[in-house]
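Reminder that position 132 of the sequence shown reads as 141 in our numbering, one-by-one numbering, no gaps.
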Amino acid sequence: MDEEQAGQQRATVLRFSTRGIAPGDRVTMWEGHNARALISLDIRTIDESPMHATESNLQLASLRLAQVTGTPQIVERSESFIRANPTGVVAVFFALEGEAFFYHRGGHESLRPGQALVCDADAPFMRGFSRGLRETVLTIPKELYREITGSPAPSSPRVFEFGPGAGPRERALARLLHRTLARVPVAPGAESSIAAAGTIESEAIDLLRLVLGDGHGGAGGYIAAAKEHIERRLSDPALDVAEISAAVGLSERQLGRVFAAAGTTVARYLLARRLETAHGYLVSPAHGALAMSEVAALSGFASPSHFGKRFREHHGNTPLQVRSATRATFLAEYAKARVVPPTGA
Numbered sequence: 010m011d012e013e014q015a016g017q018q019r020a021t022v023l024r025f026s027t028r029g030i031a032p033g034d035r036v037t038m039w040e041g042h043n044a045r046a047l048i049s050l051d052i053r054t055i056d057e058s059p060m061h062a063t064e065s066n067l068q069l070a071s072l073r074l075a076q077v078t079g080t081p082q083i084v085e086r087s088e089s090f091i092r093a094n095p096t097g098v099v100a101v102f103f104a105l106e107g108e109a110f111f112y113h114r115g116g117h118e119s120l121r122p123g124q125a126l127v128c129d130a131d132a133p134f135m136r137g138f139s140r141g142l143r144e145t146v147l148t149i150p151k152e153l154y155r156e157i158t159g160s161p162a163p164s165s166p167r168v169f170e171f172g173p174g175a176g177p178r179e180r181a182l183a184r185l186l187h188r189t190l191a192r193v194p195v196a197p198g199a200e201s202s203i204a205a206a207g208t209i210e211s212e213a214i215d216l217l218r219l220v221l222g223d224g225h226g227g228a229g230g231y232i233a234a235a236k237e238h239i240e241r242r243l244s245d246p247a248l249d250v251a252e253i254s255a256a257v258g259l260s261e262r263q264l265g266r267v268f269a270a271a272g273t274t275v276a277r278y279l280l281a282r283r284l285e286t287a288h289g290y291l292v293s294p295a296h297g298a299l300a301m302s303e304v305a306a307l308s309g310f311a312s313p314s315h316f317g318k319r320f321r322e323h324h325g326n327t328p329l330q331v332r333s334a335t336r337a338t339f340l341a342e343y344a345k346a347r348v349v350p351p352t353g354a
């Protein structure tokens, strides 16, 4: 499949909410939705309070993504349940809010926000959320998991970090999933209008090779990880190609070749992001009080003079001219909106 065909793939969207469902039917309906859209689960509440839960699902060609929220509950897949409801997938749970326990054959894991857990969904487990949950879930067919890692499934659950202190590969994977699910259309039950669904899946698989595999992946994964590191360190003028390359685990030459294949260079992309960030500050009314030196510093330029020179080369105007033009447009629109038509007009 070529890149154009991959980008044209469609994605199926499903949504679920317990809102409007009778309290006594919510758990059964919640189980039914998960069985259809994600993973079959045996679910129960911790107390007699009515369950509240929502789920947004995006089904790509191979991967399935979900954004899940819920009140306190316990979910389980026992040996007998698995025999009746096999999945054939490996699951990755990204904890966003609420701590959780995960019991399995070899012991138990505790998961806090900013951590992800990888497990064989066809190995017995029990998960519990005493204060509710908000998480992103990714499922990977075992054939694809074997291709990525060389193993048919994880022999035991594995936890990795994806929060602020994690590596750029893990953060890039979590960011991609979050950004993709945030664009899921409101209307459920049909094909998604999300652009380039195949490209999204390809990038996710490249990142999974870096995160779950042997550390070597496709170009898309390295580019995504490099961009993630750039976003995190953009305001530091010391950020350079050497640091970015080291962060993603490639030499400068190797990363340069990866970016060249995408039609740019690491340095050019870094400069473009800094100029784009600076432009955003200049046209934002909320940041109108920032001095030019502050705009330069926040955007990662070592000095206001260097910032001004590169900005003008790129935009054809000075930073001050862009800000002044934006203010003039804003004031003109504000004045126009305040014009009151004469009585009787």
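No residue lacks a Cβ here, since even glycine has one placed at the ideal position from N, Cα and C.
Within the region 108-176, the complete beta strand (DSSP E) segments of 3 residues or longer fall at 109-113, 116-120, 124-129, 134-138, 142-150 and 167-170, listed in chain order. Straight across, the Cα-Cα distance linking residue 32 with residue 140 is about 19 Å. Secondary structure at residue 57: coil, using DSSP grouped into helix, strand and coil.
At the C-beta level, residue 100 and residue 122 stay beyond 8 Å of one another. Counting every other CB atom within 10 Å of its CB across the protein chains shown gives residue 181 a total of 16 or more, marking it as buried.
In the structure shown, the three-state DSSP call for residue 104 is strand. If you check the CB distance, residue 86 and residue 138 do not come in under 8 Å. By the C-beta density criterion, residue 256 is buried, having at least 16 other C-beta atoms within 10 angstroms. Annotated as distal: residue 147 and residue 76, with beta-carbon spacing of 8 Å or more. Taken in chain order, the whole alpha helix (DSSP H) runs of length 4 or more contained in the region 308-336 are 313-324.
A direct Cα-to-Cα measurement between residue 212 and residue 346 gives close to 45 Å.
Judged by DSSP secondary structure, residue 62 falls within the beta strand (DSSP E) whose first and last residues are 62-68.
Under the three-state reduction of DSSP, residue 71 is assigned to coil, being neither helix nor strand. Contact holds between the region 50-66 and the region 23-41, because three or more Cβ pairs, one in each stretch, are under 8 Å apart.
The count of Cβ pairs closer than 8 Å, one atom from the region 214-227 and one from the region 155-173, reaches three, so the stretches are in contact. The C-alpha of residue 64 is placed about 43 Å away from the C-alpha of residue 331.
A Cβ-Cβ contact shorter than 8 Å links residue 253 with residue 264.
Per DSSP, residue 37 is one residue of the alpha helix (DSSP H) stretching across 35-46.
In this structure, the straight-line span from the alpha carbon of residue 279 to that of residue 42 is close to 43 Å.
With at least 16 other beta carbons inside 10 angstroms of its own, residue 142 counts as buried.
For residue 193, no alpha helix (DSSP H) encloses it, and the DSSP letter there is neither H nor E. Collapsing the DSSP output to three states places residue 91 in a helix.
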